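Presented below is the structure to which this report refers.
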Amino acid sequence: MSQKPMSYPLMEKLVALSRRRGFLFQSSEIYDGINAVYDYGPMGVELKRNIKNLWWQDMITSRENVLGMDTAILMHPKVWEASGHVVNFHDPMVECKKCKRRYRLDHLPENTKKCPECDGDLAEPKQFNLMFKTKLGSTDEGAMDVYLRPETAQGIFVNFNNVTSSNRVKLPFGIGQLGKAFRNEITTGNFIFRTREFEQMEMEFFIRPGENAEWLEYWSQERLNWYKSLGVNPEKLQLRPHGEDELAHYSTACYDVEYEFPYGFSEIEGIADRGTYDLDQHIEHSKKKIQYIDQENRGAKITPAVIETSAGVDRTVLMIMTDAYWEDIENDRIVMRFSPKVAPFKVAVFPLFKKQGMPEIAKNLYEELRKHLAVVYDDGGSIGKRYRRQDEIGTPFCLTVDHESLDDNCVTLRDRDTLEQVRVPIDEVVTTIIQKVNA
Ligand code: GAP
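In our numbering, the protein residues as written are 872 to 1310.
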């Protein structure tokens, strides 16, 4: 469904929690902020990094036939002419003649003629290109117009020859990368769902033409399963095939992985059959040979077709945060029920008091755990407040060193979700926590 610029109570609570606990801040806040651009704080960056690492592990490291890359954000402007983005990458926009607000036509109810904000008349729709333009070069005269990339995919396509000539690859194979992308979106909103600067995790899977349908099916299932593995409610995830009218200019078939946000099912990833479109376009525009010599087919020179998996890092962060948010009324607390694998910190260590040897034991434990996991140490404020803080940043386990620890060499292990507390011998804590985090 299309995104509507409305506010939802859960989203407002997430925005407040993100700011309060250091997940996300509006960019340039001390100058009143910049619209639809966000900064990740200390908790947010850990969550985001975990997601990116899990994607890299699942899509690149664990697969024999997928290689990684990291291509530049700035590319030759001809790339975007060839890819079709200069001509086709736009959204229909309408502007209010009175207040000058701009709207995406497809985000307004059909046949709307009035501005939803000020009731002024709306002008005729125009096509608005979403790419950010900038200048490359040190003098104004010699400068070249370039774009900030609106997708990471083109960096992969233009490097097809470089990768295939420097690595032993056989069809089918993939090239993946993650990195920033930029779009001058007309309407933004719902926190980090649609922003102007965001990160993508993309993989282009090169195949023999004709095998498109089976690989599209394969990757759609793989990607849906990956989201399920992040610990979100599987009932809120779905795969939705695109209708003809929704397909991007380069694609002939596409599935979206969608999550049910408070504003309805919305896209977090697209899995698209891009056919030979991109390589054909770059062959034509660059006048270079971009081809694969198919040894299994008597050395035939072919242009491979492509199945693309294109995920948004920030949307995945938002999905995980939305899914994790829980108001535990009974215990008067807010809990981010992150799966341990995405949680910013896996475990927190507290000395009950800053005396009687408790901090020393706690510090030692913290140092031991830190060799293996992301751990937080906290000795400030009441124990209740310390637990609340860890609940809100989603730390699955807390360890408290108390009076008894001095005698029995055990600590209290508290489970974030069940609130169950058990005593664990100090010399078993590291293995116990590692087992629980990996369970
Ligand atoms: N290479 C194909 C491509 O870029 P897309 O559907 O336009 O396809 C892929 O984008 C993913 O990138 C989306 O599913 C979404 O997760 C993310 N994305 C796109 N635009 C975004 C924006 N303005 N803000 C945040 N994420 C965005």
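Just so it is clear, CB atoms sit at the ideal spot from N, CA and C, and this is done for glycine as well.
These numbers come from a predicted model, not from an experiment.
{"query": "Cut-off 6 Å between Cβ atoms - residues of its own chain near Lys1217, not counting five sequence neighbours on either side", "result": "Pro1211, Leu1244, Ala1245, Val1308"}
{"query": "C-alpha distance - Leu1096 paired with Ser1037, whole-angstrom precision", "result": "This sequence places Asn at residue 1096; Leu is not what is there. Roughly 32 Å separates the two Cα atoms."}
{"query": "Coarse secondary structure for Gln874, derived from DSSP in three states", "result": "Note on Gln874: pLDDT 40, under 50, position unreliable in the model; no value is reported."}
{"query": "Any non-hydrogen atom of the ligand GAP within 8 Å of Asp1203 CB", "result": "no"}
{"query": "Of the listed residues Gly1050, Ile1142, Glu1117, nearest to Val1088 (C-alpha basis)", "result": "Per the sequence shown, the amino acid found at residue 1088 is Glu instead of Val. Cα-wise, what sits closest to Glu1088 is Ile1142."}
{"query": "Inter-stretch contact (C-beta, 8 Å, three-pair minimum) for the stretch 1033-1050 and the stretch 1145-1156", "result": "no"}
{"query": "As assigned by DSSP and simplified to three states, the class of Val937", "result": "strand"}
{"query": "Near the ligand GAP: Ser1181 beta-carbon under 8 Å from a heavy atom", "result": "yes"}
{"query": "The alpha helix (DSSP H) enclosing Lys919, as first and last residue numbers", "result": "913-927"}
{"query": "Cβ-based neighbour list, Glu1138, same chain, cut-off 7 Å, excluding 5 preceding and 5 following", "result": "Asp1127, Glu1129"}
{"query": "Cβ-heavy atom distance, Gly939 to the ligand GAP, below 8 Å", "result": "no"}
{"query": "DSSP three-state assignment for Ile1078, whether helix, strand or coil", "result": "strand"}
{"query": "Closest Cα partner of Phe894 within the set Arg1065, Pro913, Glu935", "result": "Pro913"}
{"query": "Contact belief for Met1207 with Glu1115 at Cβ below 8 Å, rounded distance in angstroms", "result": "The pair is not a contact, with the Cβ atoms about 40 Å apart (cut-off 8 Å)."}
{"query": "Any non-hydrogen atom of the ligand GAP closer than 8 Å to Gly1141 Cβ", "result": "yes"}
{"query": "Under 9 Å between C-beta atoms of Leu1240 and Val1301", "result": "yes"}
{"query": "Any non-hydrogen atom of the ligand GAP closer than 8 Å to Phe1069 Cβ", "result": "yes"}
{"query": "Member of Asp962, Phe960, Cys989 whose CA lies at the smallest distance from the CA of Lys971", "result": "Cys989"}
{"query": "Residues near Cys1281 by beta carbon distance below 8 Å, same chain, minus five either side", "result": "Glu1275, Arg1294, Val1295, Pro1296, Ile1297"}
{"query": "Buried versus exposed, by CB contacts within 10 Å (16 or more), Ala1171", "result": "exposed"}
{"query": "Any non-hydrogen atom of the ligand GAP closer than 8 Å to Ile1046 Cβ", "result": "no"}
{"query": "Cβ-based burial, Thr983 [other Cβ within 10 Å; buried from 16]", "result": "exposed"}
{"query": "heavy atom of the ligand GAP below 8 Å from Phe1136 C-beta", "result": "no"}
{"query": "Buried or exposed (CB count within 10 angstroms, at least 16 for buried), Lys919", "result": "buried"}
{"query": "For Tyr1163 and Thr1187, the rounded distance between their alpha carbons", "result": "34 Å"}
{"query": "Ile1057 beta carbon near the ligand GAP (any heavy atom closer than 8 Å)", "result": "no"}
{"query": "Residues that DSSP places opposite Pro963 in a beta bridge", "result": "Gln998"}
{"query": "The stretch 1015-1030 / the stretch 988-1007 touching (three or more Cβ pairs under 8 Å)", "result": "yes"}
{"query": "Cα-Cα separation between Met872 and Leu945, rounded to whole angstroms", "result": "Reliability fails at Met872, whose pLDDT of 36 lies under 50, so the model's placement of it is uncertain and no value is given."}
{"query": "Assigned exposure category for Pro980 - 16 Cβ within 10 Å defines buried", "result": "exposed"}
{"query": "Any non-hydrogen atom of the ligand GAP closer than 8 Å to Thr1147 Cβ", "result": "no"}
{"query": "Validate contact between the stretch 1195-1207 and the stretch 1077-1092 using beta carbons, cut 8 Å, 3 pairs", "result": "no"}
{"query": "Close Cβ partners of Arg973 (< 6 Å) along its chain, the five nearest in sequence each way excluded", "result": "Met964, Glu966, Ile1057"}
{"query": "Residue nearest to Val886 in terms of C-alpha spacing, selected from Asn1235, Gly915, Thr1023", "result": "Gly915"}
{"query": "Under the three-state DSSP convention, the category Thr1271 falls into", "result": "strand"}
{"query": "Beta-carbon contacts of Asn1000 that lie in its chain and below 7 Å, excluding the five residues immediately before and after", "result": "Phe960, His961"}
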